[in-house]
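In our numbering, the protein residues as written are 1054 to 1298.
Below, the structure is given as C-alpha cells:
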C-alpha cells in the first residue's frame, strides 16, 4: 500500500485557514471557497482530502456544515471529516451526506463507548484522533491537556474495529517544523492499527521518510500549510508516495 497523502482543508467562519499549534487566534486565511480548494487538490491528483470544522471542534457540534457539504458535493474522491463530532446522530448524518470517514477526538477520551459503538456500526469508517501535547492527550480543540498518555488512549481502541489512528503532535501543527517521525512510528509499532501522521509537515522530505515506514503501519499523512505556502507541491508528494509503494 502506498502512503495516502491527505491535503487538508481547515474551516473557520466558512473560510479555509491554517492555525499555528491549534490556536484559533493564530489563524492564517488561505481562501473563502472551500469547495474550490477541494477541486484544486483533485486536479493535482488527490483522491483523499482531510476536512476539519475548527469552529465545531470548540463548539462540540457542526458549525461549518454548509461548507463541508459543498466540499463533499464537489470533491470526486474520499472526504475524511473531523471537528465537533461527538454523538451518533452527527456520525450518521455525515455518512448519509457522503463523507467517507469520520474523525473523532475529544469523544474518544470522554465517551469511548460511543466511539466503539460507532466503529462497530460503521466498519472502516471511524478514525480516532490521538492529539498529543508533550506525550499526553489534548482535547476540546486542543485547548485542554488531559492526564492520559497517548499510547493508553490508542490501546483503548485496539479491538474496537477502528479504521485508523490520526496522530497529531500539537506542538508542531502549522509550524512547518517537520513531522515528529519517531513518535508517530513508535505509536504505529505499539498498536495494531494503521496510523496517519499529522502536524508539522515541512516539505517533500517528510513524505519520503513516512513512505519508508509504511511497513511499520504508517497509512498516510495530512499536510496543509506546507502546500498552501508553496513549500510542498501536492502533485510531487503524491508521486513520491506512489513510487515508494
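Backbone N, C-alpha and C fix where the C-beta goes; we use that ideal spot for every residue, glycine too.
(request) Report the three-state DSSP secondary structure of residue 1134 (helix, strand or coil). (result) In the chain shown, counting from the first residue as 1, residue 1134 sits at position 81. Residue 1134 falls in the strand class under three-state DSSP.
(request) Could you check the C-alpha separation between residue 1184 and residue 1124 for me, to the nearest Å? (result) Position 131 of the chain shown, counted from the start, is the residue given in the question as residue 1184. Position 71 of the chain shown, counted from the start, is the residue given in the question as residue 1124. So the two alpha carbons sit approximately 24 angstroms from each other.
(request) Measuring alpha carbon to alpha carbon, tell me which of 1255, 1174, 1216 ends up nearest residue 1000. (result) What the structure shows of the chain is the stretch from 1054 to 1298, and residue 1000 is not part of that stretch, so it cannot be assessed.
(request) Kindly give me the distance between the Cβ atoms of residue 1186 and residue 1232, rounded to whole angstroms, as I take these residues to be in contact under 8 angstroms. (result) In the chain shown, counting from the first residue as 1, residue 1186 sits at position 133. In the chain shown, counting from the first residue as 1, residue 1232 sits at position 179. The Cβ separation is near 16 angstroms, so there is no contact.
(message) For a quick check, are the C-beta atoms of residue 1098 and residue 1291 less than 8 angstroms apart?
(response) Here residue 1098 refers to the residue found at position 45 of the chain shown. Here residue 1291 refers to the residue found at position 238 of the chain shown. With respect to residue 1291, residue 1098 sits close: the two C-beta atoms are nearer than 8 angstroms.
(message) Just list the residues that DSSP pairs residue 1101 with in beta bridges.
(response) The residue labelled residue 1101 in the question sits at position 48 within the chain shown. Residue 1101 pairs with 1131.
(request) Using 10 angstroms around the beta-carbon of residue 1276, count the other beta-carbons present and answer buried if the total reaches 16, otherwise exposed. (result) As a first step, residue 1276 must be located in the chain shown, where it is residue number 223. Flag for residue 1276 reads buried.
(message) Using a Cβ-Cβ cutoff of less than 7 angstroms, which residues in the same chain neighbour residue 1188 once the five nearest sequence positions on both sides are dropped?
(response) As a working note, residue 1188 is residue 135 in the chain shown. Answer for residue 1188: 1202, 1203, listed in chain order.
(request) Report the rounded CA-to-CA distance for residue 1242 versus residue 1266, giving the unit in angstroms. (result) Position 189 of the chain shown, counted from the first residue, corresponds to residue 1242. Position 213 of the chain shown, counted from the first residue, corresponds to residue 1266. Taking the straight line from one Cα to the other gives about 10 angstroms.
(request) Check whether the Cβ atoms of residue 1158 and residue 1182 lie closer than 8 angstroms to each other. (result) As a position in the chain shown, residue 1158 is number 105, starting the count at 1. As a position in the chain shown, residue 1182 is number 129, starting the count at 1. With contacts defined by Cβ atoms closer than 8 angstroms, residue 1158 and residue 1182 form a contacting pair.
(message) Buried or exposed, going by whether 16 or more other CB atoms sit within 10 Å of the CB of residue 1054?
(response) Taking the first residue of the chain shown as 1, we reach residue 1054 at position 1. By the 10 Å Cβ count, residue 1054 comes out exposed.
(message) Quick test of your reading: residue 1150 and residue 1180, contact by CB under 8 angstroms. State the CB separation rounded to the nearest angstrom.
(response) Taking the first residue of the chain shown as 1, we reach residue 1150 at position 97. Taking the first residue of the chain shown as 1, we reach residue 1180 at position 127. Actually they are not in contact, since the Cβ atoms of residue 1150 and residue 1180 sit about 17 angstroms apart, beyond 8 angstroms.
(message) Among the candidates 1064, 1089, 1088, 1091, whose CA atom is the shortest distance from the CA of residue 1082?
(response) Sequence index remark: in the chain shown, residue 1082 carries index 29 (1-based). Closest in alpha carbon position to residue 1082, among 1064, 1089, 1088, 1091, is 1064.
(request) Can you tell me which of the three DSSP states residue 1247 falls into? (result) Your numbering for residue 1247 matches position 194 in the chain shown. Coil.
(message) In the DSSP output, which residue or residues are listed as bridge partners for residue 1284?
(response) Here residue 1284 refers to the residue found at position 231 when the chain shown is read from its first residue. Its beta-bridge partners do not exist; DSSP assigns none.
(request) Check residue 1152 in the structure and name its three-state DSSP category. (result) Reading the chain shown from its first residue, position 99 is the one you call residue 1152. Coil at residue 1152, not helix or strand.
(message) At the level of alpha carbons, what is the spacing between residue 1247 and residue 1067?
(response) Numbered from 1 along the chain shown, position 194 holds the residue referred to as residue 1247. Numbered from 1 along the chain shown, position 14 holds the residue referred to as residue 1067. Cα to Cα, residue 1247 sits roughly 31 angstroms from residue 1067.
(message) Tell me the rounded alpha-carbon separation between residue 1029 and residue 1075.
(response) Lying outside 1054 to 1298, the shown extent of the chain, residue 1029 is not represented and no answer is given.
(message) Among the candidates 1271, 1297, 1137, whose CA atom is the shortest distance from the CA of residue 1163?
(response) One-based indexing of the chain shown puts residue 1163 at position 110. Selected option, being the one with the closest Cα: 1137.
(request) Return yes when the Cβ of residue 1154 is within less than 8 angstroms of the Cβ of residue 1335, no when it is not. (result) The question about residue 1335 has no answer, for the chain in this structure spans 1054 to 1298.
(message) Quick check: what's the CA-CA separation for residue 1178 versus residue 1160?
(response) Taking the first residue of the chain shown as position 1, residue 1178 is located at position 125. Taking the first residue of the chain shown as position 1, residue 1160 is located at position 107. Going from the Cα of residue 1178 to the Cα of residue 1160 covers about 16 angstroms.
(request) Just tell me which of 1282, 1207, 1056, 1251 has its CA closest to the CA of residue 1104. (result) Locating residue 1104 in the chain shown gives position 51, where the first residue counts as 1. Out of 1282, 1207, 1056, 1251, 1251 has the C-alpha closest to the C-alpha of residue 1104.
(request) Confirm, please, whether the CB-CB distance from residue 1236 to residue 1056 is below 8 angstroms. (result) Numbered from its first residue, the chain shown carries residue 1056 at position 3. Numbered from its first residue, the chain shown carries residue 1236 at position 183. No; because the gap between Cβ atoms is not below 8 angstroms, this pair is not in contact.
(request) Work out the CA separation of residue 1093 and residue 1085 for me, nearest whole Å. (result) If you number the chain shown from 1, residue 1085 lands on position 32. If you number the chain shown from 1, residue 1093 lands on position 40. Taking the straight line from one Cα to the other gives about 13 angstroms.
(request) Select from 1298, 1132, 1173, 1140 the residue whose C-alpha is nearest the C-alpha of residue 1152. (result) The count along the chain shown starts at 1 and reaches residue 1152 at position 99. Minimum Cα distance to residue 1152 is reached at 1132.
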